[in-house]
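**Student:** Residue numbers (the working numbering), protein chains in the order written: chain L, 1 to 167; chain S, 1001 to 1276.
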Amino acid sequence: MRSIYKYLLIIFAIVLQTTLMKYIAILGVKPDALLILVISFSLLNGTGESITLSLFGGILVDVLFNNAIGFVTISLLIVAYLTGVLSKNVFKESTFVAFVFVFLGTILYNLIMIFSMLLMKYDLNPPYLLNVVIVQSVYNSLITIFIYRYIVRFNSFIKSKKFFFKV
Amino acid sequence: MPRFLKNKQFIFVIVIAVALISAMAYTYGGGRNVTPIESAIGGVLSPVEKVFYSIGNNISNFFSSIKEIGTLRAKNAELEKEVVKLSKNDIMLQEYINENNRLRDMLNFKDNNTNITTKPANIISKNPGNWFNTFNIDVGSDNGIKPKMAVLDEKGNLVGIVTDVGNNWSKVLSIIDVDSSVSALDVRTRDNGIVRGDSNGNLNMIYIPIDSKIEKGDVITTSDMSMFPRGLIIGRVEKVEKDEGSLLKQAVIKPEADFERLEFVQVVTNMKMTGN
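1. Name, please, each residue of chain S whose Cβ falls closer than 9 angstroms to the Cβ of L:F96.
2. Pair every Cβ in the region 1243 to 1261 of chain S with every Cβ in the region 1194 to 1203 of chain S, then say whether three or more of these pairs are closer than 8 angstroms.
3. Output yes if chain S places a C-beta closer than 8 angstroms to the C-beta of L:N125; else output no.
4. Using the Cα positions of L:G168 and L:S40, report the straight-line distance between them to the nearest angstrom.
5. Which residues, taken in chain order from the region 1059 to 1078 of chain S, show a beta carbon closer than 7 angstroms to some beta carbon of chain L?
6. Would you list, in chain order, the members of the region 52 to 67 of chain L that have their beta-carbon closer than 8 angstroms to a beta-carbon of chain S?
7. Look up S:M1225 in the DSSP assignment and say whether it is helix, strand or coil.
8. Quick one: what's got a C-beta closer than 7 angstroms to S:V1018's C-beta in the same chain, skipping five residues either side?
9. According to a CB-to-CB cut-off of less than 8 angstroms, which residues of the region 1186 to 1204 of chain S neighbour chain L?
10. Taking L:I14 and L:L34 to be in contact with their CB atoms under 8 angstroms, please state how far apart those CB atoms are, rounded to whole angstroms.
11. Whose Cβ in chain L lies nearer than 7 angstroms to the Cβ of S:S1125?
12. Quick check on the DSSP output: the alpha helix (DSSP H) that includes L:V135 runs from which residue to which?
13. Given a cut-off of 8 angstroms, decide if L:S141 and L:F91 are closer than it, judged by their beta-carbon atoms.
14. Applying a beta-carbon distance threshold of less than 9 angstroms, which residues of chain L neighbour S:V1252?
15. Look at the alpha carbon of S:N1089 and the alpha carbon of S:G1144, and state the distance between them as a whole number of angstroms.
16. Quick one: list the residues of chain C neighbouring L:L34, beta-carbon separation under 8 angstroms, in chain order.
17. Of all Cβ atoms in chain L, is any one closer than 8 angstroms to the Cβ of S:D1179?
18. Please report the straight-line C-alpha distance between L:K166 and L:D32, rounded to a whole angstrom.
19. Output needed for S:N1167: all residues of its chain with C-beta closer than 7 angstroms, excluding positions within five of it in sequence on either side, in chain order.
20. Let me make sure I understand the geometry here. Which of S:N1204, S:V1084, S:S1065, S:E1241 has the alpha-carbon closest to that of S:V1178?
21. By how many angstroms is the C-alpha of S:D1243 removed from the C-alpha of S:K1008?
22. Can you check which of these residues, L:L86, L:R153, L:T18, L:S94, is closest to L:V61 by C-alpha distance?
23. Under the three-state reduction of DSSP, which class applies to S:I1179: helix, strand or coil?
24. Check for me: the beta strand (DSSP E) holding S:P1255 runs from which residue to which?
25. With a 10 Å radius around its C-beta and 16 neighbouring C-beta atoms as the bar for buried, classify S:G1070 as buried or exposed.
26. Which chain S residues are close to L:Y122, counting only those with a beta carbon under 7 angstroms from its beta carbon?
27. Please confirm if the region 93 to 111 of chain L is in contact with the region 1071 to 1084 of chain S, defined as three or more CB-CB distances below 8 angstroms between the two stretches.
28. In the DSSP assignment, the beta strand (DSSP E) including L:N110 goes from what residue to what residue?
29. Does any residue of chain L bring its CB to less than 8 angstroms from the CB of S:N1276?
30. Judging by CA-CA distance, which residue of L:S87, L:F65, L:E49 is the nearest neighbour of L:L77?
31. Compare the C-beta of L:T73 with all C-beta atoms of chain S and state if any pair is closer than 8 angstroms.
32. Between S:S1022 and S:V1165, what straight-line distance do the alpha-carbon atoms span, to the nearest angstrom?
33. How far does the beta strand (DSSP E) with S:M1205 in it reach, from first residue to last?
34. With 16 as the cutoff for other CB atoms within 10 Å, does S:D1258 come out buried or exposed?
35. Which ranges would you report for the alpha helix (DSSP H) in the region 70 to 97 of chain L if only whole runs of at least 4 residues count?
36. Grab the span of the alpha helix (DSSP H) containing S:E1078 for me, first residue to last.
Structure follows, in structure tokens:
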């Protein structure tokens, strides 16, 4: 039942993202707390986790903020699922591995979004797009370096059941 | 049978992806009253977001007021001068209004300048991503808000348009979003054009005639041809460009509303036609 904390953490991340994150934007680009959390948990817990968490977080964001429902969810789902599949072959608790996954994951996430925007016939501005993708992937991965160890600790806290069973 | 088709989870992901793409195609475009489930989700999270948003605003206002203390005296003197100048102008304008009304009566002109009525609202959150400029406000269909109503800032400048409406919250699309387009008018030269967002926080006015005398500093307002009430201020011309080989001009427009520090807005409730 402790996994409820995980969902609460994701809701909290979305609320922070939409209210206070604009104050720490660099070059007008906000980091993406939801993406960092979902990639980290998929890396730690595998594909099942990546599907549930990306659907939960993505649909919440889409319902609340986006005109096209599914826009964030599908990008998040693809990135998280790939991370979950690849996580079998890496050393999961390493911060460096998470750094690489978040860096590449952010690029892929934004590219899928740009592709969806092309399908929806948005008028795109290529230099600006490139700027956003690069700045956000660097920013996200730098944040991951600092918070990944706490996510790992939080994850093991959720998984540990000794309080309920072993005592 | 390929190996990946035996993986049930993979097939599940594909099915979800297809479902999401169909959902995107179905909901894209906005202008709908959202389903009760969506409305409930927004209703639960809105109060929480409102608290966080106002905390953020209070902190940033505190720091910006510290920064402004040094310049207050100079600014006050400047504003007092402005007041004297404007009150003179005001008397002159009163004369013009009377004269205009008299002449209108003589010509039997129908007065089509209806006053707009507005409903105040707080902004509760902004779009989490970097691609779109949308925000949510804390009034909804319970307060008589409908899709496609115009949204103004405190001073009455155009900010955006309501897209989706829940019970006590609604989504607003800013005019600086890439998806937004507004029919606009240069007040001085009466040139029509379309104002669109360019995703850098500025606006582009396109389809301006080549012989237009539009220049830097002109005020751009909504025209009578859009669904917005006419005469709402959009912004000022910053730069006029002429594409080589094109038969039209375009202008970069600086929006008059401050989108970074937007806190309160007003929704126009008596639009010409509102959806549904």
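Yeah, the Cβ is synthetic: ideal placement off N, Cα and C, and Gly gets one too.
**Tutor:** So, to answer that:
1. Within chain S, no residue comes near L:F96; the closest Cβ sits about 26 angstroms away, beyond 9 angstroms.
2. Contact holds: three or more Cβ-Cβ distances are below 8 angstroms.
3. Proximity of L:N125 to chain S, defined by a Cβ-Cβ separation below 8 angstroms, is satisfied.
4. It is not possible to answer for residue 168 of chain L, since the shown part of chain L is limited to 1 through 167.
5. Under the 7 angstroms Cβ criterion, the region 1059 to 1078 of chain S contributes S1060.
6. Within the region 52 to 67 of chain L, the qualifying residues are L55, L60, V61, V63, L64, F65, N66, N67.
7. Correct three-state label for S:M1225: coil.
8. Cβ-Cβ distances below 7 angstroms link S:V1018 to nothing in the same chain once the five nearest sequence neighbours on each side are left out.
9. So the close ones are R1196, D1198, S1199, N1200, G1201.
10. Yes, they are in contact, since the Cβ atoms of L:I14 and L:L34 sit about 6 angstroms apart, within 8 angstroms.
11. Within 7 angstroms Cβ-Cβ: T18, T19.
12. Annotation for L:V135: the continuous alpha helix (DSSP H) segment containing it runs 126 to 159.
13. No; because the gap between Cβ atoms is not below 8 angstroms, this pair is not in contact.
14. Below the 9 angstroms Cβ cutoff, chain L contributes no neighbours of S:V1252, its closest Cβ being approximately 13 angstroms away.
15. Here the C-alpha atom of S:N1089 lies approximately 38 angstroms from the C-alpha atom of S:G1144.
16. Judged by its chain identifiers, the structure shown contains no chain C, and its protein chains are L and S.
17. Contacts with chain L at 8 angstroms (Cβ-Cβ) include S:D1179.
18. Reliability of the predicted coordinates at L:K166 is poor, the pLDDT of 46 falling under 50, and no value is obtained from them.
19. Same-chain partners within the cutoff: S1039, G1043, G1140, S1141, D1142.
20. If we check each option's Cα against that of S:V1178, S:N1204 comes out closest.
21. Spanning the two alpha carbons is a distance of roughly 55 angstroms.
22. It is L:T18 whose Cα lies nearest to the Cα of L:V61.
23. Checking the sequence shown, residue 1179 of chain S turns out to be Asp, not Ile. In the structure shown, S:D1179 sits in coil (DSSP, three-state: anything other than H, G, I, E or B).
24. 1248 to 1255 is the span of the beta strand (DSSP E), which, as asked, contains S:P1255.
25. Counting Cβ neighbours within 10 Å, S:G1070 comes out exposed, since fewer than 16 surround it.
26. Under a criterion of Cβ atoms nearer than 7 angstroms, the residues of chain S adjacent to L:Y122 are, in order, V1178, D1179.
27. With a cut-off of 8 angstroms, the region 1071 to 1084 of chain S and the region 93 to 111 of chain L do not count as touching, because too few Cβ pairs lie within range.
28. Run containing L:N110: none in the beta strand (DSSP E); it sits in the alpha helix (DSSP H), 95 to 119.
29. Interpretation of S:N1276 is limited by its pLDDT of 44, a score under 50 that renders its predicted location unreliable; no figure is taken from the coordinates.
30. For L:L77, the closest alpha carbon among the candidates L:S87, L:F65, L:E49 is that of L:E49.
31. At a cut-off of 8 angstroms between beta carbons, L:T73 contacts chain S.
32. The alpha-carbon atoms of S:S1022 and S:V1165 are separated by roughly 21 angstroms.
33. S:M1205: member of the beta strand (DSSP E) spanning 1203 to 1209, first to last residue.
34. Answer is exposed; the Cβ neighbour count stays below 16.
35. Correct list: 71 to 86.
36. According to the DSSP assignment, S:E1078 belongs to the alpha helix (DSSP H) that extends over 1072 to 1107.
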